[in-house]
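**Q** Numbering-wise (the working numbering), the sequence shown opens with residue 10 and increments by one.
Here a beta-carbon is modelled for each residue, glycine too, at the ideal position from N, C-alpha and C.
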Amino acid sequence: MPRTEIELPYRLEFLSILDQEGRADTSLDPGLPDELLLRLYRGMLLARFFDDRMLILQRQGRIGTFAPTKGQEAQVGAVAPLEPDDWLVPSFREMPAEVWRGKSLQSVLLFYAGYNEGGFVPPGLNNLPVSVPVGTQMLHAVGIGYGMKYRGKKNVVMTFFGDGATSEGDFHEAMNFAGVFRTPVIFICQNNHWAISLPRNKQTRSRTIAQKALGYGIQGIQVDGNDVLAVYAAAKEAVERARAGDGPTLIESVTYRLSVHTTADDPKKYRKQEEVDEWLRRDPLVRFRNYLSGRGLLSEEKAGGMEDEVKAEIKAAEEDWAGRVEKPLDPLEMFTYAYAEPPPYLRMQRDELARELEARRGDTKKESVARD
Ligand SMILES: Cc1ncc(C[n+]2csc(CCOP(=O)(O)OP(=O)(O)O)c2C)c(N)n1
Ligand SMILES: [Mg+2]
Numbered sequence: 010m011p012r013t014e015i016e017l018p019y020r021l022e023f024l025s026i027l028d029q030e031g032r033a034d035t036s037l038d039p040g041l042p043d044e045l046l047l048r049l050y051r052g053m054l055l056a057r058f059f060d061d062r063m064l065i066l067q068r069q070g071r072i073g074t075f076a077p078t079k080g081q082e083a084q085v086g087a088v089a090p091l092e093p094d095d096w097l098v099p100s101f102r103e104m105p106a107e108v109w110r111g112k113s114l115q116s117v118l119l120f121y122a123g124y125n126e127g128g129f130v131p132p133g134l135n136n137l138p139v140s141v142p143v144g145t146q147m148l149h150a151v152g153i154g155y156g157m158k159y160r161g162k163k164n165v166v167m168t169f170f171g172d173g174a175t176s177e178g179d180f181h182e183a184m185n186f187a188g189v190f191r192t193p194v195i196f197i198c199q200n201n202h203w204a205i206s207l208p209r210n211k212q213t214r215s216r217t218i219a220q221k222a223l224g225y226g227i228q229g230i231q232v233d234g235n236d237v238l239a240v241y242a243a244a245k246e247a248v249e250r251a252r253a254g255d256g257p258t259l260i261e262s263v264t265y266r267l268s269v270h271t272t273a274d275d276p277k278k279y280r281k282q283e284e285v286d287e288w289l290r291r292d293p294l295v296r297f298r299n300y301l302s303g304r305g306l307l308s309e310e311k312a313g314g315m316e317d318e319v320k321a322e323i324k325a326a327e328e329d330w331a332g333r334v335e336k337p338l339d340p341l342e343m344f345t346y347a348y349a350e351p352p353p354y355l356r357m358q359r360d361e362l363a364r365e366l367e368a369r370r371g372d373t374k375k376e377s378v379a380r381d
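1. Between Ala244, Lys112, Ala253 and Pro99, which lies nearest to proline 39 when the distance is taken from Cα to Cα?
2. Cα separation between alanine 187 and glutamate 328?
3. For the candidate residues Thr13, Lys79, Leu66 and Gly70, whose alpha-carbon lies nearest to that of serine 268?
4. Take valine 384 as the anchor and find which of Pro353, Tyr121, Tyr159 and Asn135 has the nearest alpha-carbon.
5. Reducing DSSP to helix, strand and coil, say where aspartate 372 ends up.
6. Can you tell me whether tryptophan 96 sits near ligand 2, meaning its C-beta is under 7 Å from at least one heavy atom of the ligand?
7. Along the chain, where does the beta strand (DSSP E) that runs through serine 262 open and close?
8. Taking DSSP as the reference, what is the three-state secondary structure of glycine 70?
9. How big is the Cα-Cα spacing for alanine 83 and valine 240?
10. Could you pull the DSSP bridge partners for glycine 171 from this structure?
11. Report the rounded CA-to-CA distance for aspartate 236 versus proline 42, giving the unit in angstroms.
12. Kindly indicate which residue of Asn299, Glu342 and Leu362 has the alpha-carbon position closest to the one of glutamine 29.
13. From the DSSP output, read off the bridge partner residues of phenylalanine 23.
14. Closer than 8 Å by C-beta to glycine 111: which residues in its own chain qualify, once you throw out the five before and the five after it? Chain order, please.
15. Go ahead and pull the three-state DSSP assignment for valine 334.
16. Specify the secondary structure class of asparagine 136 as computed by DSSP and reduced to three states.
17. Say yes only if the C-beta of isoleucine 218 is nearer than 7 Å to one or more non-hydrogen atoms of ligand 1, and no if none qualify.
18. My output table needs one value for proline 276: the three-state DSSP class, helix, strand or coil.
19. Under the criterion of a Cβ to heavy atom distance below 7 Å, does tryptophan 203 qualify as lining ligand 2?
20. Going by other Cβ atoms of all chains shown within 10 Å of its Cβ, with 16 needed for buried, is threonine 345 buried or exposed?
21. Does alanine 312 come out as helix, strand or coil in the three-state DSSP assignment?
22. Mind checking aspartate 34: buried by the 16 CB within 10 Å criterion, or exposed?
23. Quick one: using the 10 Å Cβ neighbour count with 16 as the cut-off for buried, is tyrosine 50 buried or exposed?
24. Any heavy atom of ligand 2 inside 7 Å of the beta-carbon of glycine 80?
25. Just curious, the alpha helix (DSSP H) that valine 151 is in, first and last residue?
26. How far does the beta strand (DSSP E) with leucine 97 in it extend, from its first residue to its last?
27. Where do the ends of the alpha helix (DSSP H) carrying proline 293 lie?
28. Please name the residue or residues paired with alanine 204 in a DSSP beta bridge.
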């Protein structure tokens, strides 16, 4: 009856290609074509400026609560290796990835302004809508992956979630299912160090999130999530593995949320400015820009031109959107799209809200008569 060591066929890598100043380790540089490198930078820049603009629109009361993505733009590197007919299953902090895949800026604004049209995904765009209930989307992703495998398709699914989501049962169920059925799913955990006010070290005792892959018999890797080349390289490897039928991968992308959790949050209450400053020095955009200019691909002039172009794109989208949000929001619409046949309890709630709105309309009319 020996007590012996079980050797696990496992090793965990951490991948980082760019250093803090944006110099690449040439032995690891994925050697992407210049055109793709510039497109990646543009995608990150667009996300950064659009996110800034959305924050202003929210503060002006023109859109509702949203989750800023500042600092997490290197996620475009993860979706870049996907084909259009692969699937993206996001949570709520993936605007950069969704837009990279073809979601329009207008529909992002419509969504956060409360219009149902913003949640509509046009046919041919294989993005699932934003998912706010933490972790639930991972199960949808493995379901899609299973379906595709069952049909003998060669497509893959990429799903995103945060460090906090790894404490949800959904994460473990999804990983287990993906491991058992070897579904072609790439799990991208954006470890941005915080789940609202809960720090990463209180989320799990595990040294890394990537090592959780071991428990489910799947591949795992940790990457520098503020290094778009490392994110791209790890994702590409995982996409190829999934496409070849060799199973799922968990990628822990180590990044940082530089902004508020959502526009309803004040992070000064729970984290120190020094920590934010430390991560500002690892800003994914600055590092990548330094890399590109070091390689002679992005002069000051070209970078400035790209900034103007991106700002003009955002302005045009905003103007188009502003023209589309003139019709008043109808709160009753929230009952319209979830079910083809709403269950009785929802019909009751809808009727109750309709009565309440009617009564309020009556009160407003009486008030205005009294004023007149
Ligand atoms: C099931 C569920 N529980 C709680 C919430 C409230 N909530 C929204 S975001 C969040 C934290 C998520 O943290 P993390 O997974 O790290 O993602 P991040 O916000 O950092 O991107 C919580 C608790 C929710 N939306 N859904
Ligand atoms: Mg988080």
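**A** The structure says:
1. The sequence position of residue 39 within the sequence shown is 30, counting from 1. Of Ala244, Lys112, Ala253 and Pro99, the residue nearest in Cα terms is Ala244.
2. Your numbering for residue 187 matches position 178 in the sequence shown. Your numbering for residue 328 matches position 319 in the sequence shown. Cα to Cα, alanine 187 sits roughly 43 Å from glutamate 328.
3. To locate residue 268, count along the sequence shown from 1; it is residue 259. Checking every option, the nearest Cα to that of serine 268 belongs to Lys79.
4. This structure leaves residue 384 out entirely; the chain is present only between 10 and 381.
5. Counting from one through the sequence shown, the residue named residue 372 turns up at place 363. Correct three-state label for aspartate 372: helix.
6. Start at 1 with the first residue of the sequence shown, and residue 96 comes out as number 87. Not so, every heavy atom of ligand 2 lies at least 7 Å from the Cβ.
7. As a first step, residue 262 is located in the sequence shown; it is residue number 253 there, counting from the start. Unbroken beta strand (DSSP E) run through serine 262: 258-263.
8. Position 61 of the sequence shown holds residue 70. In this structure, glycine 70 counts as coil in the three-state DSSP scheme.
9. In the sequence shown, residue 83 corresponds to position 74, counting from 1. In the sequence shown, residue 240 corresponds to position 231, counting from 1. One C-alpha to the other measures close to 7 Å.
10. What you label residue 171 is simply residue 162 of the sequence shown in a count that begins at 1. Beta-bridge pairing links glycine 171 to Gln199.
11. The count along the sequence shown starts at 1 and reaches residue 236 at position 227. The count along the sequence shown starts at 1 and reaches residue 42 at position 33. Each residue's CA atom was taken as its position, placing aspartate 236 and proline 42 some 17 Å apart.
12. Taking the first residue of the sequence shown as 1, we reach residue 29 at position 20. Looking at the Cα atoms, Asn299 is the closest of the given residues.
13. For this step, residue 23 is matched to residue 14 along the sequence shown. Per DSSP, the beta bridge partners of phenylalanine 23 are Gln231.
14. In the sequence shown, the residue the question calls residue 111 occupies position 102. Contacts found: Pro93, Leu134 and Asn136.
15. Indexing the sequence shown from 1 puts residue 334 at position 325. Valine 334: coil per DSSP, three-state reduction.
16. By 1-based counting over the sequence shown, the position of residue 136 is 127. Correct three-state label for asparagine 136: strand.
17. Residue mapping note: residue 218 aligns to position 209 of the sequence shown, counting from 1. Taking non-hydrogen atoms of ligand 1 into account, the C-beta of isoleucine 218 is found less than 7 Å away from none of them.
18. Looking up residue 276 in the sequence shown gives position 267. Of the three classes helix, strand and coil, the one that applies to proline 276 here is helix, per DSSP.
19. The count along the sequence shown starts at 1 and reaches residue 203 at position 194. Answer for tryptophan 203: yes, Cβ within range of ligand 2.
20. If you number the sequence shown from 1, residue 345 lands on position 336. A residue is called buried when at least 16 other Cβ atoms come within 10 angstroms of its Cβ; threonine 345 does not meet this threshold and is exposed.
21. Here residue 312 refers to the residue found at position 303 when the sequence shown is read from its first residue. In this structure, alanine 312 counts as helix in the three-state DSSP scheme.
22. In the sequence shown, residue 34 corresponds to position 25, counting from 1. Of the residues assessed, aspartate 34 falls on the exposed side of the cut-off, its CB having fewer than 16 other CB atoms within 10 angstroms.
23. Taking the first residue of the sequence shown as 1, we reach residue 50 at position 41. Within 10 angstroms of the beta-carbon of tyrosine 50 lie 16 or more other beta-carbons, which makes it buried.
24. Residue 80 sits at position 71 when you count from the first residue of the sequence shown. Not under cutoff, so the answer is no.
25. Reading the sequence shown from its first residue, position 142 is the one you call residue 151. Per DSSP, valine 151 belongs to the alpha helix (DSSP H) from 145-159.
26. As a position in the sequence shown, residue 97 is number 88, starting the count at 1. The continuous beta strand (DSSP E) containing leucine 97 extends over residues 96-98.
27. Here residue 293 is taken as the residue at index 284 of the sequence shown, counted from 1. Start and end: 293-303.
28. Here residue 204 refers to the residue found at position 195 of the sequence shown. DSSP lists Leu207 as the bridge partner or partners of alanine 204.
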